[in-house]
Amino acid sequence: MREILEILQKQCSQKIGLREKRPNVWQVLIPFYHEDGDMVEVFITPLGNNLFRISDYGLTLMRLSYSYDIDTPNKERIFNSIISSYNIQNERGILFLDTELEHLYPALMQFIGVILKVSNMKLYKREVIQSLFFEMLDDFVFTNLAQYEPKKNFHPLPDMPEYEVNYCFNHSRVPVYLFGVNNSSTARLTIISCQKFIIEKLKFRSVTVLESLDCLSRNDQKRLMTAVDKVFPEFTEFEKNGVDYIKREMEILG
Amino acid sequence: MIEREIERLIIMPKRIIESSSKEFSEEYQHFRRDFKLQSIDGNYKFRMFIRKHKEFQENFSIGLDLLPSPDKGMPLIRCNGPHYVTEDILKPSPHYDYHIHMIKNDDIEKDIRKLSFAEITDRYNSYKEALDYFIKRTNIINANDYFDFQKSLFGDL
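Here's what the structure looks like:
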């Protein structure tokens, strides 16, 4: 084990370098790479009084923006939660960490870890969006459709709470039931619920918002489209046209 | 086969159909412009992006993605400026100089969104030359409507 440790210590000292990018701004050359082979870009600036600033000069968010924008409050929340968990500061897109000389190495490692985590936000885009789907739907409904007094987690059959509707509009007249679907389980639950309401001879219109069309198999798509009155194939589509659609439904249903 | 198809997509004539703005917009520590493009035959849509760091002006990226659907772009090519001031001391790498990233067969087969092939280029030595090269390489026929090639490096900001 000692031999391995010695080799690691030797390699660590060889595989790190500093180059002056600008006066008093030192770029750290260290073997941490992005997926395309670009090295993680990190800089050290001496601040005086034994303090050093480790910074990315805004290059992490620039690189991320090639294919992924932090353009919603939820994405922003996740981004802020990643950096704040590791005490990284964000000043107009520049991520940085101030540290004393004695803690420079562990702080540098920690900083690079966060840079890679932020850079990979695009890789787990699907998971991020999926996990936020119902939150985004909820925000949208209570922000943009609030005038129609949506009721959340509505039970059209009060004695059968297992048949639940995510949101109900126009609950005192012919209601519109809105379901969010982000996987086969929620799709099948929606189908079963709508069929049950039909069997129980309830009068209603049903709308489904999919997280995206490819979150469902082709068979589940077919079953869902047969069971409900309207399917928005993407959440973004609902964002664009959902308000107009619900408005028209309300006008028709009275 | 895949390389030929990628090359065909890169060089097929295309036109810009939508621009995020007339000029660069400022975001965080960089300037950005984004475009939607369509092949002349109308069968393919693309996305082009330009990013330029505000302080490190040599650090820029100009890229083209194929858009099979609005949210699923496949990167095809990216023209970059140098990331480092000297050659990478750790491993052979083209990133200390002007370089071009391209997608590889392996990237497509593994369904990963990266451009793992990178090589130093002598086709450009500045942002302006890189933009000129990119537009010719990707065969954008109406670029003159969106870029003023007479202006200096950051003159069009």
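Protein chains in written order, with the working numbering: chain A, 1 to 254; chain B, 255 to 411. The beta-carbon is built from N, C-alpha and C at its ideal position, and this holds for glycine as well. Predicted model only: the values in this text are computed from it and were never measured.
In the three-state scheme derived from DSSP, where H, G and I count as helix and E and B as strand, A/Pro106 is classed as helix.
When DSSP states are grouped into helix, strand and coil, B/Glu257 belongs to the helix group. A/Met109 is outside the set of residues whose beta carbon lies under 7 Å from a beta carbon in chain B. Sorting A/Leu132, A/Asn183 and A/Phe204 by C-alpha distance to the C-alpha of A/Val165 places A/Phe204 at the top. Cα atoms of B/Gln283 and A/Asn170: separation of roughly 48 Å, rounded to the nearest angstrom. Here A/Lys21 has Gln27 and Phe43 as same chain residues with Cβ atoms under 8 Å from its own Cβ, once five neighbours each way along the sequence are excluded. Look at B/Gly317: its C-beta is under 7 Å from a C-beta on chain A. A Cβ-Cβ separation of about 18 Å leaves B/Glu309 out of contact with A/Tyr66 under the 8 Å criterion. Within the DSSP secondary-structure output, B/Phe285 pairs in a beta bridge with B/Glu280 and B/Lys306.
Following the DSSP letters along the chain, one finds A/Met250 inside the alpha helix (DSSP H) bounded by residues Phe235 to Leu253. Residues of chain A whose Cβ lies closer than 7 Å to the Cβ of B/Arg286 are, in chain order, Ser65. For A/Ile198, the nearest beta carbon of chain B is not closer than 7 Å to its own beta carbon. At least one CB of chain A lies nearer than 7 Å to the CB of B/Arg305.
At the C-beta level, B/Leu321 and B/Lys299 come within 7 Å of one another. When A/Ile94, A/Asp220 and A/Leu108 are compared, the shortest CA-CA separation from A/Glu100 is found for A/Leu108. The three-state reading of DSSP puts A/Asp36 in coil, since its state is none of H, G, I, E or B.
Annotation: the continuous beta strand (DSSP E) that includes A/Ser206 extends over Arg205 to Leu210. The continuous alpha helix (DSSP H) containing A/Leu64 extends over residues Leu59 to Leu64. No Cβ-Cβ contact shorter than 7 Å links A/Val207 with A/Lys240. Listed along the chain, the chain B residues whose CB falls inside 9 Å of the CB of A/Leu61 are Glu281, Tyr282, Gln283 and His284.
Measuring C-alpha to C-alpha distances from B/Ile374 to each of B/Ile304, B/Asp295, B/Asp351 and B/Phe289 identifies B/Asp351 as the nearest.
Here the C-alpha atom of A/Val118 lies approximately 12 Å from the C-alpha atom of A/Val40.
In this structure, the straight-line span from the alpha carbon of A/Arg77 to that of A/Met1 is close to 43 Å.
Contact of B/Ala384 with chain A by beta-carbon distance below 8 Å is absent, the smallest such distance being about 15 Å. The alpha-carbon of A/Pro175 is positioned some 19 Å away from that of A/Met225.
Contact between the stretch 264 to 274 of chain B and the stretch 284 to 298 of chain B is present, with at least three C-beta pairs closer than 8 Å. In this structure, DSSP gives A/Met1 a state outside helix and strand, which the three-state scheme calls coil. If you look at A/Arg77, you'll find it isn't in any beta strand (DSSP E); it sits in the alpha helix (DSSP H) that goes Pro73 to Ser85. Chain-order list of chain B residues neighbouring A/Tyr105: empty, with the shortest C-beta distance near 17 Å, by a criterion of under 9 Å.
Contact note: B/Leu321 does not reach chain A at a C-beta cutoff of 8 Å; the least C-beta distance is about 12 Å.
Here A/Asp36 is buried: its Cβ has 16 or more other Cβ atoms, across all protein chains shown, within 10 Å. Closer than 7 Å at the C-beta level to chain B, one finds these residues of the stretch 90 to 102 of chain A: Arg92, Gly93 and Ile94. Assigned with DSSP and collapsed to three states, A/Thr45 falls in strand.
If you draw a straight line from the Cα of A/Pro161 to the Cα of A/Phe79, it comes to about 37 Å.
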